[in-house]
Structure formats: structure tokens, C-alpha cells
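In our numbering, the protein residues as written are 817 to 1054. Here a beta-carbon is modelled for each residue, glycine too, at the ideal position from N, C-alpha and C. Bear in mind that the values here come from a model prediction, so they are computed numbers and not experimental data. Below is one structure, written out as C-alpha cells; comments come after it.
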């Protein structure tokens, strides 16, 4: 793939932007979320990756470090490995941060892991990880391991051995809709999205914090409603 090198203020390394996010839309356990691998060069802590992931947008939706919280999180983890992490890496020995962390390396190794959103990581997932705490005392995070003899494992959050290759971002299912047309973010592009947009333009409440200027002409008005209806009907994005 063609890569573009850019600089990101929150990450003290060069960043190589990956290809367009990949959506898991079909198959058992499909989440409809979109996933993206970001390749970096140089030292990368988990905190830096977390901040950088949140700064990425796709179709108007912010990303975050990937968490496996679908109906089958183990299957989700495997799908992301096979379709997002591994392609193009070859035999490179490297690690990619995910959104799972642990405050210390004491107690049961499969317990007390937390996703980036604050929810607990189920042991059905952590028991598939190689947790060895090889980097000594400190806060840990989980990452995809490429060419380490195992696919998922722990690594200390401060990247003590400069092993990081980057991080994996996820975007919500709504980000996969044309032009971000799933306005109400319920996973379906339909009349409900039109109703939500009309309500916001009319001055109603907007708990999702959408950009009501759907056609990006600088004004939130009937033109945005018409543009959304056109997209839902199969027309082009504005």
C-alpha cells in the first residue's frame, strides 16, 4: 500500500497512515465496526497511542483504540488480527496497541483488565492472551504481537524496549454509512436519521453532538435535509 508520512503532535514519532478502514459486516459475530491499522516509527507509549487514536476521524466519527466488545469478542479479536493487523507485515517482529490496560502486574494475570471505555475485559478474552509480565513491574496494556510465536499478549505501557509498530483504531458502525448518513447512529440509514437532523436544525436537543451541516455549505438548513434524503435514496454524497 502507498503510505504517507505525517507528524502528529500527541505522538513523538513519525506516523504512517494506513489504508481506508476495513468494516466487518458479514459472518458470525460481525460487529459492523470499522478497523484501521496505524503504523508508527519510534518509541510509542500506550498513552500516546490512545490520544492519537482519539484524534483520528472517518466520515465525521472519532476513532479510539480497538476494544473487543461484540457478541463474540474472541471472534472479533481473531477477525481484526487476520484482516487488519497481519496483512502486509510479513515476518516483522512488532506489536500494535489495543484498548485494554491493567494498572499493575500483581494477582491473577487474567483478571483486572479494563477496556478503554472503562468496561471489564472478560476472561473469555484474556485467557487467549500470552500474559508473562516480562518487562517487570508497572502498568501493562495488551497488543497484537506479530511474529512472536503468539498473537495476543501483554506489554508494559511505557514501551521500554521500543517494540511498538503502531496501534489499531476502531470506528463505530455508523461511520461506515455513506457520508456519515447514519445521523442518529443506530446502525441503520433510514427515516429516523432524517427526523433527527430536522429536529436538530429546528433547535431541538442534540445528545449525539452531530454536525447538522450535512452538505457542508456552511449553513444548517433545508438543503442539508434534502441532501440526506438524496443519499438515503441512493444518490451521491454532497
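For residue j and residue i, the rounded distance between their alpha carbons
i            : j            : result
residue 1051 : residue 851  : 26 Å
residue 885  : residue 875  : 22 Å
residue 842  : residue 848  : 8 Å
residue 1034 : residue 1028 : 10 Å
residue 978  : residue 967  : 18 Å
residue 861  : residue 952  : 16 Å
residue 991  : residue 872  : 12 Å
residue 1054 : residue 959  : 38 Å
residue 900  : residue 882  : 11 Å
residue 1025 : residue 1001 : 11 Å
residue 1004 : residue 995  : 13 Å
residue 908  : residue 964  : 9 Å
residue 927  : residue 938  : 8 Å
residue 836  : residue 1018 : 34 Å
residue 1021 : residue 870  : 25 Å
residue 924  : residue 889  : 21 Å
Given residue i as reference, the closest of the options once Cα atoms are compared
i            : options            : result
residue 910  : 1030, 984, 893     : 984
residue 897  : 929, 945, 923      : 945
residue 962  : 913, 1025, 933     : 913
residue 936  : 856, 917, 853, 950 : 917
residue 1045 : 954, 948, 999, 980 : 999
residue 1016 : 1003, 1005, 1030   : 1030
residue 903  : 855, 934, 921, 989 : 855
residue 922  : 947, 869, 1022     : 947
residue 1008 : 1048, 976, 971     : 1048
residue 989  : 864, 1020, 877     : 877
residue 865  : 838, 889, 890, 975 : 975
Beta-carbon separation (whole angstroms), residue i vs residue j, contact threshold 8 Å
i            : j            : result
residue 858  : residue 887  : That belief does not hold up - the Cβ atoms of residue 858 and residue 887 are roughly 37 Å apart, past 8 Å.
residue 1013 : residue 1040 : 6 Å
residue 941  : residue 893  : 7 Å
residue 915  : residue 929  : Residue 915 to residue 929, Cβ: 10 Å. No contact.
residue 879  : residue 987  : 5 Å
residue 949  : residue 895  : That pair is no contact at about 27 Å.
residue 919  : residue 955  : 6 Å
residue 853  : residue 982  : 6 Å
Three-state secondary structure (DSSP) of residue i
i            : result
residue 850  : strand
residue 856  : strand
residue 986  : strand
residue 917  : strand
residue 1028 : coil
residue 867  : helix
residue 911  : strand
residue 1042 : helix
residue 891  : helix
residue 950  : coil
residue 996  : helix
residue 1008 : helix
residue 979  : coil
residue 844  : coil
residue 936  : strand
residue 1002 : coil
residue 925  : coil
residue 905  : coil
residue 862  : helix
Residue i CB to nearest heavy atom of the ligand PLP below 6 Å
i           : result
residue 890 : Judged by which ligands are present, the structure shown has none, so any question about the ligand PLP falls away.
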